[in-house]
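Visitor: Submitted below is the structure of interest, expressed as structure tokens.
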Amino acid sequence: MNEGKVSTEIYIHIPFCVKKCAYCDFLSFAGNEELKHRYVSALIYEIEHRVYKPKVEDVTSVFIGGGTPSILQIDEIERIMHAVRRRYRILPRAEVTIEVNPGTVDYKKLREMHELGINRLSIGLQSTNNEELKLLVRIHSYEEFLATYDAARDAGFTNINVDLIGALPTQKPLTWRENVVKVAELKPEHISAYSLIIEEGTRFYALYSDDEARRQRGERPIALPTEEEEREMDRITKEVLESYGYHRYEISNYALPGFECEHNKGYWTRKNYLGFGIGAAGMLEGIRYQNGKDIMHYIESGPDISEQMLTRKDEVEEYMFLGLRMDKGVTMSEFERLFNIPFRDVYGETTDSLERDGLIEVDGDAIRLTEHGRDISNYVLSEYIIG
Amino acid sequence: MAIDQSKIRNFCIIAHIDHGKSTLADRIIEKTGLLTSREMQAQVLDNMDLERERGITIKSQAVRIIYNANDGNEYIFNLIDTPGHVDFNYEVSRSLAACDGAILVVDAAQGVEAQTLANVYLALDHDLDVVPVINKIDLPSADPDKVVEEIEDIIGIEASDAPRISAKTGLNVEEVLEQIVTKIPAPKGDKDAPLKALIFDSLYDSYKGVIVFCRIMEGTIKPGMRMHMMATGAEADVVEVGYFGAGQFIPCDELPAGMVGYVTASIKNVKDTRVGDTITDAKNPCKEALPGYKKVQPMVYCGMYPADAAKYGDLRDALEKLQLNDASLFFESETSIALGFGFRCGFLGLLHLEIIQERLEREYNLDLVTTAPGVVYKVHKFGGEVIELTNPSNLPDPSEIEYMEEPIVNAEVMVSSEYVGAIMDLCQERRGKYISMEYIEQTRALIKYELPLNEIIYDFFDALKSRSRGYASFDYEIKGYEKSDLVKLDILVNKEEVDALSFIVFAGTAYERGRKMCEKLKEEIPRHLFEIPIQAAIGSKVIARETVKAMRKDVLAKCYGGDITRKRKLLDKQKEGKKRMRQVGNVEIPQEAFMSVLKLDEE
Numbered sequence: 042m043n044e045g046k047v048s049t050e051i052y053i054h055i056p057f058c059v060k061k062c063a064y065c066d067f068l069s070f071a072g073n074e075e076l077k078h079r080y081v082s083a084l085i086y087e088i089e090h091r092v093y094k095p096k097v098e099d100v101t102s103v104f105i106g107g108g109t110p111s112i113l114q115i116d117e118i119e120r121i122m123h124a125v126r127r128r129y130r131i132l133p134r135a136e137v138t139i140e141v142n143p144g145t146v147d148y149k150k151l152r153e154m155h156e157l158g159i160n161r162l163s164i165g166l167q168s169t170n171n172e173e174l175k176l177l178v179r180i181h182s183y184e185e186f187l188a189t190y191d192a193a194r195d196a197g198f199t200n201i202n203v204d205l206i207g208a209l210p211t212q213k214p215l216t217w218r219e220n221v222v223k224v225a226e227l228k229p230e231h232i233s234a235y236s237l238i239i240e241e242g243t244r245f246y247a248l249y250s251d252d253e254a255r256r257q258r259g260e261r262p263i264a265l266p267t268e269e270e271e272r273e274m275d276r277i278t279k280e281v282l283e284s285y286g287y288h289r290y291e292i293s294n295y296a297l298p299g300f301e302c303e304h305n306k307g308y309w310t311r312k313n314y315l316g317f318g319i320g321a322a323g324m325l326e327g328i329r330y331q332n333g334k335d336i337m338h339y340i341e342s343g344p345d346i347s348e349q350m351l352t353r354k355d356e357v358e359e360y361m362f363l364g365l366r367m368d369k370g371v372t373m374s375e376f377e378r379l380f381n382i383p384f385r386d387v388y389g390e391t392t393d394s395l396e397r398d399g400l401i402e403v404d405g406d407a408i409r410l411t412e413h414g415r416d417i418s419n420y421v422l423s424e425y426i427i428g
Numbered sequence: 008m009a010i011d012q013s014k015i016r017n018f019c020i021i022a023h024i025d026h027g028k029s030t031l032a033d034r035i036i037e038k039t040g041l042l043t044s045r046e047m048q049a050q051v052l053d054n055m056d057l058e059r060e061r062g063i064t065i066k067s068q069a070v071r072i073i074y075n076a077n078d079g080n081e082y083i084f085n086l087i088d089t090p091g092h093v094d095f096n097y098e099v100s101r102s103l104a105a106c107d108g109a110i111l112v113v114d115a116a117q118g119v120e121a122q123t124l125a126n127v128y129l130a131l132d133h134d135l136d137v138v139p140v141i142n143k144i145d146l147p148s149a150d151p152d153k154v155v156e157e158i159e160d161i162i163g164i165e166a167s168d169a170p171r172i173s174a175k176t177g178l179n180v181e182e183v184l185e186q187i188v189t190k191i192p193a194p195k196g197d198k199d200a201p202l203k204a205l206i207f208d209s210l211y212d213s214y215k216g217v218i219v220f221c222r223i224m225e226g227t228i229k230p231g232m233r234m235h236m237m238a239t240g241a242e243a244d245v246v247e248v249g250y251f252g253a254g255q256f257i258p259c260d261e262l263p264a265g266m267v268g269y270v271t272a273s274i275k276n277v278k279d280t281r282v283g284d285t286i287t288d289a290k291n292p293c294k295e296a297l298p299g300y301k302k303v304q305p306m307v308y309c310g311m312y313p314a315d316a317a318k319y320g321d322l323r324d325a326l327e328k329l330q331l332n333d334a335s336l337f338f339e340s341e342t343s344i345a346l347g348f349g350f351r352c353g354f355l356g357l358l359h360l361e362i363i364q365e366r367l368e369r370e371y372n373l374d375l376v377t378t379a380p381g382v383v384y385k386v387h388k389f390g391g392e393v394i395e396l397t398n399p400s401n402l403p404d405p406s407e408i409e410y411m412e413e414p415i416v417n418a419e420v421m422v423s424s425e426y427v428g429a430i431m432d433l434c435q436e437r438r439g440k441y442i443s444m445e446y447i448e449q450t451r452a453l454i455k456y457e458l459p460l461n462e463i464i465y466d467f468f469d470a471l472k473s474r475s476r477g478y479a480s481f482d483y484e485i486k487g488y489e490k491s492d493l494v495k496l497d498i499l500v501n502k503e504e505v506d507a508l509s510f511i512v513f514a515g516t517a518y519e520r521g522r523k524m525c526e527k528l529k530e531e532i533p534r535h536l537f538e539i540p541i542q543a544a545i546g547s548k549v550i551a552r553e554t555v556k557a558m559r560k561d562v563l564a565k566c567y568g569g570d571i572t573r574k575r576k577l578l579d580k581q582k583e584g585k586k587r588m589r590q591v592g593n594v595e596i597p598q599e600a601f602m603s604v605l606k607l608d609e610e
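Quick note, the sequences are listed as chains A and B, same order.
Taking my numbering, I'd label the letters of the first sequence as residues 42 to 428.
Taking my numbering, I'd label the letters of the second sequence as residues 8 to 610.
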């Protein structure tokens, strides 16, 4: 147990959106100004007063996510940043990210964000095709995104991520390629390329869950891309982005050299992180926290925290299934240093069999997913769940 | 106090399922005053949990009650409960043999049904006086006058003065009690003659050993006697005799001719006390046994395997314990390449199978893999040898087989006229041979077919129900064996034959069954790293094929706010799924898949 002070990452959740997108099952909703204001006040209270053991001081990265954090007035964002700084020491070179959606920011707001010490933007674009944006029920057009992107550059942001979602209904590999090329041409430092998941409780679920089930069974879907098309799209993403100088460092994340997202990498490498706001999760020295999702409860009585002490088995499994998401994979020596048990005693058989199936490669000390292993990562990672 | 034989009434209640047999039994017990309302559980006679849940009576039981009749006398009523399901037909017939009369319960809204008829015929075969009772007259759709007509027309017994009751509310149940006194004859039999008693049930109790339920036909049985079971040849000293209170055994000094009661003796296994056997006095035996004894033969077989191979011993113990109470349950050990060590089990019918399976899972906490049930085929080899085939895997090479036979049943379906066409289609599809059809009234017909047993053990009841919107009732009895063109259908998963999936099928439907089986398995078997061909074959000839595609590329999900728990749940679920799998070659097959053949006709 670390008796002294430890360092951490911080995640802050802003659950508000202009309106709900058709595919989104994250904790977010539209809210009026008063609710937002009260939420921010509760958030600030949590940031300033929540006590952790061991004591935390240094913060290596901050990520304000949502929802759409950029929907907040700039002075609300300022209050949040000030609260973090009052309580914690954000290290000088720390990565501080905020998620923004086109249509919720202008040059002035971006400029002020930058002045608050926010040094990285994650812009939710999702598609460069206006038809597809309508299908997703996004609030903006591609042109509005371009305006936001240019304004961000003008405001001084030199580290920008753009989010894309592929495998949309009726999307074809060729239209996906256009998406990827258009974004790569803009040369953002980082690109996240996810594929659409039909989540329960979303508008898309009502529309496409049958089609998804069809695809799961190996039959030909009607609106959704076929498995072959999906695989093709993934291949296109990698090929196009690599030709523009990006490298894939995690299953769905690409970056120019030196611009990998430090905050997200923290999750994969099991760094400490504190989560503030409703639904936010945190992990500190082997204990996992999760805040409740009820906003009124949060505003009136503070976070409803559930706490889970991770067992050694949990930690061992997490180390593997999180670490293997990254291209560089995990190393047996680090495993043994962290858990003080021979790697092969725990995972020797699993690793041999996955290697035989061509799903992972063992390269000296390192273990990482192969191309095929990355395609079916859930299967591979689940093999590292013990018993 | 000596028992006055003329004041004894031994009777049972017969009815179609759901017509209110158990409820009437409850009311009779209640009205005779031996039990307070507080003591009444919903259904006193059905004391197995499972019975209550399914609303059926599995094992016949009996109760002795005292009734003060309007004539001023006190009567002993022995009410013998009979199982209502066709699987237990033989047990029904033995229960009836222990009675002198039967109350026939007919639902005032539903009227006469197939099982009503079957049960009445059984009762008449045993020379019982049948007392009709019209139940559920409180239902809005009740039409008692019409039902009286039906009973008179279809069954041919007088029903004009049949009590019209509601067993549920207790309305007019007293009338039933009076008619038991006036219409059911007292038993006969000489209590000083050599002992002759009919076993109609038995159960194993860990303290008392086997408890035999019997009807004394002649003579008297008392503790200290040495009794002899005439069919099995077993002998034992009588330890205790008595009668049945509600839910308990009440010992007495002796049971004379005409009485119904129980006997305990130092018997360890119910196999020695077969239902239908005759008990006599070893020292002073009767001349001949009571007629009608037959050893019940299992009609349906399946393989039962522990999901966890280490539980093989536990499964054996559980089956042995169940068998103590259920002589009709058969099992022997067998080995399957796909499923490992398990047992081939024999049952009276599909319901019996389901009950045993459920008891193993619930009462013994066993996780089972069950293979598709099949009937017993007779395989005639060249040279005259006949094999009774209970496991498809043991079918000899086709070159050795001269011909095969399968069991055939006489089936009766009673159905409203509008569904006659649909039901005949169904019977036709199931290889039925039309025998006859008669309209028993304008709107209802009784259809008789001969059907192969293997066509009705799976889902015939369900199909019947759905095609008649619930307006058909069904009953059958085994007719015998007939020559048939049968083949063994093998299933190959990734080119490997899976023995536990083989089944015997009529040659004419083999292609269709094979194709459906492949389709079903394609749904059941999860996608693997590689493509898996699923083939159906007869001998070396492949007749159907499906392919389980290789594993799909995962979608690339965003990991929201460090919510690792969500990610973990997904992986845990994936891993958990693997536990319910059986490894065959390099393919994991879910346990449920071994029952796939049962679901071939689902839409």
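Don't be surprised by glycine CBs; every beta carbon is placed ideally from N, CA and C.
Mind listing which residues of the region 265 to 277 of chain A have their C-beta closer than 8 Å to chain B's C-betas, in chain order?
Guide: For the region 265 to 277 of chain A, which is checked against every Cβ of chain B, the residues closer than 8 Å are Glu268, Glu271, Arg272 and Asp275.
Visitor: Give a yes or no on whether the minimum CB-CB distance between aspartate 416/A and chain B is below 8 Å.
Guide: Looking up residue 416/A in the first sequence gives position 375. Yes, because at least one Cβ of chain B sits closer than 8 Å to the Cβ of aspartate 416/A.
Visitor: Using a Cβ-Cβ cut-off of 8 Å, state whether serine 284/A counts as contacting chain B.
Guide: Here the question's residue 284/A lines up with position 243 in the first sequence. Not closer than 8 Å to any Cβ of chain B, the Cβ of serine 284/A fails to qualify, so no.
Visitor: If the cut is a Cβ gap below 7 Å, which residues of chain A does glutamate 361/B touch?
Guide: Position 354 of the second sequence holds residue 361/B. Those within 7 Å of glutamate 361/B in chain A number zero; the least Cβ separation is about 29 Å.
Visitor: Arginine 476/B to leucine 453/B, Cα distance in whole Å?
Guide: Residue 476/B sits at position 469 when you count from the first residue of the second sequence. Residue 453/B sits at position 446 when you count from the first residue of the second sequence. For arginine 476/B and leucine 453/B, the distance between alpha carbons rounds to 17 Å.
Visitor: With C-beta atoms as the reference, is valine 140/B less than 8 Å away from glycine 118/B?
Guide: Within the second sequence, the letter at position 133 stands for residue 140/B. Within the second sequence, the letter at position 111 stands for residue 118/B. No, they are not a contact pair.
Visitor: Please give the ranges of any beta strand (DSSP E) in the region 120 to 170 of chain B, keeping only runs that are unbroken, at least 3 residues long and fully inside the region.
Guide: Entirely contained in the region 120 to 170 of chain B, the beta strand (DSSP E) runs reaching 3 residues are, in chain order, 136 to 142.
Visitor: Which runs of the beta strand (DSSP E) fall wholly inside the region 343 to 422 of chain A and span at least 3 residues, in chain order?
Guide: List check, beta strand (DSSP E) in window: 346 to 350, 401 to 404 and 407 to 410.
Visitor: What's the gap between the Cα of threonine 227/B and the Cα of valine 267/B?
Guide: Taking the second sequence and counting its residues from 1, the one referred to as residue 227/B is at position 220. Taking the second sequence and counting its residues from 1, the one referred to as residue 267/B is at position 260. Computed Cα separation, rounded: 11 Å.
Visitor: Helix, strand or coil, according to DSSP, for valine 277/B in the structure here?
Guide: Stepping through the second sequence from its first residue, residue 277/B is reached at position 270. Of the three classes helix, strand and coil, the one that applies to valine 277/B here is helix, per DSSP.
Visitor: Among all the DSSP beta bridges, which residues are the ones paired with isoleucine 83/B?
Guide: Taking the second sequence and counting its residues from 1, the one referred to as residue 83/B is at position 76. In the DSSP output, where bridge partners are listed per residue, isoleucine 83/B has Ile15/B and Ile73/B.
Visitor: For the alpha helix (DSSP H) containing lysine 486/B, name the first residue and the last one.
Guide: Position 479 of the second sequence, counted from the first residue, corresponds to residue 486/B. It is not in any alpha helix (DSSP H) - lysine 486/B instead sits in the beta strand (DSSP E) that spans 479 to 491.
Visitor: According to DSSP, what are the bridge partners of alanine 543/B?
Guide: If you number the second sequence from 1, residue 543/B lands on position 536. DSSP output for alanine 543/B lists Ile498/B and Ala551/B as bridge partner(s).
Visitor: Could you check what DSSP says for valine 146/A in three-state terms: helix, strand or coil?
Guide: Walking along the first sequence from the start, residue 146/A turns up at place 105. The answer is coil: DSSP assigns valine 146/A none of H, G, I, E or B.
Visitor: Buried or exposed: which applies to alanine 317/B, given that a residue is buried once 16 or more other Cβ atoms fall within 10 Å of its Cβ?
Guide: Residue mapping note: residue 317/B aligns to position 310 of the second sequence, counting from 1. Under this definition alanine 317/B is an exposed residue.
Visitor: Assuming leucine 528/B is part of the alpha helix (DSSP H), what are its boundary residues?
Guide: Here residue 528/B corresponds to residue number 521 of the second sequence, with the count starting at 1. Where leucine 528/B is concerned, the enclosing alpha helix (DSSP H) stretches over 517 to 531.
Visitor: Could you name the residues of the same chain whose beta carbon sits closer than 7 Å to that of leucine 129/B, not counting the 5 residues immediately before and after it, in chain order?
Guide: In the second sequence, counting from the first residue as 1, residue 129/B sits at position 122. These residues qualify, in order along the chain: Val99, Ser100 and Leu103.
Visitor: At the 8 Å Cβ level, is isoleucine 532/B part of the contact set with chain A, yes or no?
Guide: Looking up residue 532/B in the second sequence gives position 525. For isoleucine 532/B, the answer is no, since every Cβ of chain A falls outside 8 Å of its Cβ.
Visitor: Touching or not, the region 285 to 304 of chain A and the region 223 to 236 of chain A, by the rule of three or more beta carbon pairs under 8 Å?
Guide: At 8 Å Cβ cutoff, the stretches touch.
Visitor: Closer than 7 Å: is that where the CB of serine 423/B sits relative to any heavy atom of the ligand NAP?
Guide: Although the ligand NAP was asked about, the structure shown includes no ligands whatsoever.
Visitor: Between which two residues does the beta strand (DSSP E) holding threonine 271/B run?
Guide: Position 264 of the second sequence, counting from 1, holds the residue named residue 271/B. 267 to 272 is the span of the beta strand (DSSP E), which, as asked, contains threonine 271/B.
Visitor: In angstroms with no decimal places, state the Cα-to-Cα distance between tyrosine 183/A and leucine 174/A.
Guide: Locating residue 183/A in the first sequence gives position 142, counting from the first residue. Locating residue 174/A in the first sequence gives position 133, counting from the first residue. Near 8 Å, if we compare the C-alpha coordinates of leucine 174/A and tyrosine 183/A.
Visitor: Spatial neighbours of isoleucine 277/A within its chain, please: CB distance less than 8 Å, with the 5 preceding and 5 following residues excluded, ordered by chain position.
Guide: For the purposes of this step, residue 277/A is taken as the residue at position 236 of the first sequence. Cβ within range, chain order: Pro214, Trp217, Arg218 and Val221.
Visitor: Measure the Cβ-Cβ separation of lysine 14/B and isoleucine 83/B and say whether it is below 8 Å.
Guide: Within the second sequence, numbered from 1, the residue matching residue 14/B stands at position 7. Within the second sequence, numbered from 1, the residue matching residue 83/B stands at position 76. Result yes, Cβ atoms of lysine 14/B and isoleucine 83/B sit closer than 8 Å.
Visitor: Taking the Cβ atom as the reference point for each residue, do isoleucine 408/A and isoleucine 401/A lie within a distance shorter than 8 Å?
Guide: Along the first sequence, read from residue 1 onward, the residue named residue 408/A stands at position 367. Along the first sequence, read from residue 1 onward, the residue named residue 401/A stands at position 360. Yes, they are a contact pair.
Visitor: Taking only runs of the beta strand (DSSP E) that begin and end inside the region 416 to 450 of chain B, which ones reach a length of at least 3 residues, in chain order?
Guide: Here the runs fully enclosed are 440 to 448.
Visitor: Pull up the DSSP beta-bridge partners for serine 209/B, would you.
Guide: Residue mapping note: residue 209/B aligns to position 202 of the second sequence, counting from 1. DSSP, once it has assigned bridges, lists Val219/B as partnering serine 209/B.
Visitor: DSSP three-state label for glutamate 301/A, please.
Guide: As a first step, residue 301/A must be located in the first sequence, where it is residue number 260. Glutamate 301/A falls in the coil class under three-state DSSP.
Visitor: Which residues of chain B have a Cβ atom closer than 8 Å to the Cβ of phenylalanine 57/A, listed in chain order?
Guide: What you label residue 57/A is simply residue 16 of the first sequence in a count that begins at 1. Near phenylalanine 57/A there are no residues of chain B at all, since even the closest Cβ is about 15 Å away, more than 8 Å.
Visitor: Can you name, in chain order, every residue of its own chain whose Cβ lies under 6 Å from the Cβ of leucine 326/B, other than the five neighbours on each side?
Guide: Locating residue 326/B in the second sequence gives position 319, where the first residue counts as 1. These residues qualify, in order along the chain: Phe338.
Visitor: Using the Cα positions of glutamate 30/A and lysine 560/B, report the straight-line distance between them to the nearest angstrom.
Guide: Outside the shown range of chain A, which is 42 to 428, sits residue 30/A, and nothing can be said about it.
Visitor: Below 8 Å on the Cβ atoms is my contact criterion, and I expect valine 494/B with valine 505/B to pass it. Report the Cβ-Cβ distance as a whole number of Å.
Guide: Locating residue 494/B in the second sequence gives position 487, where the first residue counts as 1. Locating residue 505/B in the second sequence gives position 498, where the first residue counts as 1. Incorrect: roughly 17 Å between the Cβ atoms, too far for contact.
Visitor: Do you know how far the Cα of serine 340/B is from the Cα of valine 555/B?
Guide: In the second sequence, counting from the first residue as 1, residue 555/B sits at position 548. In the second sequence, counting from the first residue as 1, residue 340/B sits at position 333. Rounded to whole angstroms, valine 555/B to serine 340/B spans 33 Å at the Cα level.
Visitor: If you drop the 5 nearest sequence neighbours on each side, which residues of the same chain put their C-beta closer than 7 Å to that of lysine 198/B?
Guide: Counting from one through the second sequence, the residue named residue 198/B turns up at place 191. Closer than 7 Å at Cβ, skipping near neighbours: Gly226, Thr227, Pro263 and Ala264.
Visitor: Does the beta-carbon of serine 167/B have 16 or more other beta-carbons within 10 angstroms, so that it is buried, or is it exposed?
Guide: Counted from its first residue, the second sequence places residue 167/B at position 160. So serine 167/B ends up on the exposed side.
Visitor: Kindly confirm or deny that the region 306 to 317 of chain B and the region 377 to 387 of chain B touch, where touching means at least three C-beta pairs closer than 8 Å.
Guide: Enough Cβ pairs lie closer than 8 Å, so yes.
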